[in-house]
Amino acid sequence: GSVAAVLPAGGSGERLGAARPKQFCALQGRPLVSHTACALERISWISDIIVVVSLEHIETMKSIIQKYGHKRITVVEGGVTRHRSIFNGLKIFAENKLQKPEVVIIHDAVRPFVEEDILLKVVKAAKDHGAAGAIRPLVSTVIASSADGCLDHSLERARYRASEMPQAFLFDIIYQAYHQCNDYDLDYGTECLHLALKYCKTKAKLIEGSPDLWKVTYKRDLYAAESIIKDNLS
Ligand code: CTP
Ligand code: MG
Numbered sequence: 019g020s021v022a023a024v025l026p027a028g029g030s031g032e033r034l035g036a037a038r039p040k041q042f043c044a045l046q047g048r049p050l051v052s053h054t055a056c057a058l059e060r061i062s063w064i065s066d067i068i069v070v071v072s073l074e075h076i077e078t079m080k081s082i083i084q085k086y087g088h089k090r091i092t093v094v095e096g097g098v099t100r101h102r103s104i105f106n107g108l109k110i111f112a113e114n115k116l117q118k119p120e121v122v123i124i125h126d127a128v129r130p131f132v133e134e135d136i137l138l139k140v141v142k143a144a145k146d147h148g149a150a151g152a153i154r155p156l157v158s159t160v161i162a163s164s165a166d167g168c169l170d171h172s173l174e175r176a177r178y179r180a181s182e183m184p185q186a187f188l189f190d191i192i193y194q195a196y197h198q199c200n201d202y203d204l205d206y207g208t209e210c211l212h213l214a215l216k217y218c219k220t221k222a223k224l225i226e227g228s229p230d231l232w233k234v235t236y237k238r239d240l241y242a243a244e245s246i247i248k249d250n251l252s
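In full-length UniProt numbering, the protein residues as written are 19 to 252.
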């Protein structure tokens, strides 16, 4: 069956704090979102790539597609939260504007170093289980504070994982999950795998990913990404 990808790129990049959203910051002369899109376009078995951006950046994205010669991207208007942006991306297929894929990959536009091996793994696991996502060991221990701002309890670090991207889903499962979930899920929920689990009772397979899957979040991440891209180009 066919595989498509949705790249949420509709955020404003507040933690990074640049003049423009981080996905449009240039690294070695090319916007971050274009680097990520290239990583997916190199993979022949991915058909359509949906890039979801806020209304005010639709023209920016269209000119990036023109300038850098992207061939498989469709631009879709985002929403006020990441979940709403992803849902808008999925609707394009549900409304038959593009051919509905069997499996959809969801990957943040700000994680440029995604490789074919992890994409193959999450797609295969999605076909077998319904949903799958990349995970990483925790860097820091997770703690909870009590009302007085002091330590309440801490989690045993080795027993937990950080949820990363990419994730993959049978299209019908993730679309149903978004269709059935409520406004609270769309506005405050953080985990697509969890929505699939909660609303579609699917299994969500967890796949150990590489450290290269980190997300550009703070300014230092932009510098790190730029130096990796520079090394890869030389
Ligand atoms: N995203 C989106 N629509 C939103 C919010 C976020 O498509 N309404 C996207 C971002 O563009 C990014 C991905 O989801 O590619 C991961 O989100 P995050 O790292 O939180 O990006 P921002 O929300 O832009 O950054 P910040 O939270 O620091 O403002
Ligand atoms: Mg955010």
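Ideal placement from N, C-alpha and C gives every residue a C-beta, glycine not left out.
Note that this is a predicted model, so its numbers are computed, not measured.
Can you give the Cα-Cα distance for residue i and residue j, rounded to whole angstroms?
i           : j    : result
H101        : L204 : 5 Å
R179        : L211 : 14 Å
residue 321 : K219 : Outside the shown range of the chain (19 to 252) lies residue 321, about which nothing can therefore be said.
V160        : S172 : 6 Å
H53         : D190 : 29 Å
K215        : V71  : Looking at the sequence shown, residue 215 is not Lys but Leu. Going from the Cα of L215 to the Cα of V71 covers about 27 Å.
K109        : A195 : 12 Å
A37         : E244 : 17 Å
With distance defined between alpha-carbon atoms, name the residue in the options nearest to residue i.
i    : options                   : result
R33  : I83, Y236 and D126        : Y236
P184 : S164, K145, V157 and K139 : K139
R154 : E226, F111 and A195       : E226
Y193 : L169, P119 and Y202       : P119
L137 : V94, I67 and I61          : I61
G96  : V24, L156 and D201        : V24
R90  : N106, I68 and F105        : I68
M79  : I104, C43 and A165        : C43
CB-CB under 8 Å to residue i, same chain, minus the five flanking residues each way: which ones, in chain order?
i    : result
E133 : A57, S228 and D230
K248 : Q46
Determine the contact status of residue i and residue j, defining contact as a CB-CB distance below 8 Å.
i    : j    : result
G31  : K40  : yes
V21  : I64  : yes
D170 : L116 : no
Residues in its own chain within less than 6 Å of residue i by CB, not counting five upstream and five downstream?
i    : result
V51  : A27, Q41 and A127
A186 : V121, I123, V140, V141, A144 and A150
Three CB pairs or more closer than 8 Å across the stretch 148 to 162 and the stretch 39 to 47: no
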